[in-house]
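Q: Residue numbers (our numbering): 7 to 280. Virtual Cβ for every residue (Gly too), placed ideally from N, Cα, C.
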Amino acid sequence: MALASIRPAAVAGQFYPRDERVLRTQLAELMSTAVAMEHARWPKAIIVPHAGYIYSGPIAATAYAQLTPMRDRIRRVVMLGPTHRVAVRGFALPAAQAFATPLGEVPLARADWLRLQARDDIVVDDRPHALEHCLEVQLPFLQSLLERFEIVPILVGDARPQAVANLLEDLWGGPETLLLVSSDLSHYLSYHAAQWSDRAAVEEILALRPGLNHEQACGATPINGLLLAAQNHHLHARLLDLRNSGDTAGDRASVVGYASVAFCEADPPSHARH
């Protein structure tokens, strides 16, 4: 594979450790304290935060802990996140065919990459991905957890939630496919104001109401699209963790909110005994 086809790590050494051994140690510590919930069904989709690991890593780890029983089943991860640096109309796929982290390279699902280019709302452009952290910070978690997988990394710009839902429908797949939306919640509110805002946002998510705005979540657009898709597939949303940077590693004067949410098929009905 030519070097030009690899998207190098952009935020290693900033959002997470650059050294492989230090990174593996931090991931192991984060995962060791994460609690896996009892599920009748395993997650089809997750919402995870994307700040530096010292801030949002514990909340993200709670989502990834739910995937441990599926580590040999998940082979494709569809990753959606907001564009923080480069404006995009619709959706942006990278031209690069692999993403690198200190733990190695993760290949793109090439068949999907080729097929998605037929959509008129998708551009192939490395520039939005080059310095974007929201998808990159998820990769070391996935690399440490899953045995072998490909990714479909999509940055969501100016798009309608229904367009996001349609895109997810196109990529839904079966048990081998995990849908991942990367998003933080409120930004730079006081601790208690953030708690109020984030709880209100989570209530909308748990009710599958696709009305979040970008003050409630930087990834409001992909989240709203996921909620529409979850409605269509009768998924049930379950809150796994809800905290902010004032709970983890920051002061409480100005915080960023984080949540992890799992979306599962509805539990099978229980039958009364006769």
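Compute the distance between the beta-carbons of D127 and A169, then report whether it is under 8 Å.
A: Cβ atoms of D127 and A169: closer than 8 Å.
Q: Could you give the C-beta distance for G19 and L36, rounded to a whole number, given that I count them as a contact under 8 Å?
A: Actually they do not touch by this definition, with Cβ atoms about 18 Å apart.
Q: Inspect the beta-carbon positions of S266 and I65 and report whether they are closer than 8 Å.
A: Contact flag set, yes.
Q: Using the Cβ count rule (16 or more neighbours within 10 Å means buried), how would you classify V162?
A: V162 should be labelled buried.
Q: For L141, which residues of its own chain have a beta-carbon under 7 Å away from its beta-carbon, when the five flanking residues on both sides are left out?
A: Same-chain partners within the cutoff: M85, G87, P159, S188.
Q: Measure the C-alpha to C-alpha separation of L186 and F269 and round it to an integer number of angstroms.
A: Their Cα atoms are separated by approximately 10 Å.
Q: Pull up the CB-CB distance for R154 and R81, whole angstroms please, since I reckon it's below 8 Å.
A: Confirmed, about 7 Å.
Q: Please report the distance separating the alpha-carbon of T31 from that of S38.
A: T31 and S38: Cα-Cα distance of roughly 10 Å.
Q: Let's test the definition: count the other Cβ atoms within 10 Å of the Cβ of S196 and tell me whether it reaches 16, buried, or not, exposed.
A: S196 should be labelled exposed.
Q: Would you kindly work out how many angstroms separate the C-alpha atoms of P216 and W119, rounded to a whole number?
A: Using only the alpha carbons, I get a separation of about 27 Å.
Q: Please list the segments of the alpha helix (DSSP H) lying wholly inside the segment 155-203, counting only runs of 4 or more residues, in order along the chain.
A: Whole alpha helix (DSSP H) segments, 4+ residues: 167-176.
Q: Starting from T89 and walking both ways along the alpha helix (DSSP H), at which residues does that stretch end?
A: Unbroken run through T89: none, as it is neither H nor E.
Q: Which runs of the alpha helix (DSSP H) fall wholly inside the segment 75-133 and span at least 4 residues, in chain order?
A: If we require 4 residues or more, the alpha helix (DSSP H) runs fully inside the segment 75-133 come out as 116-122.
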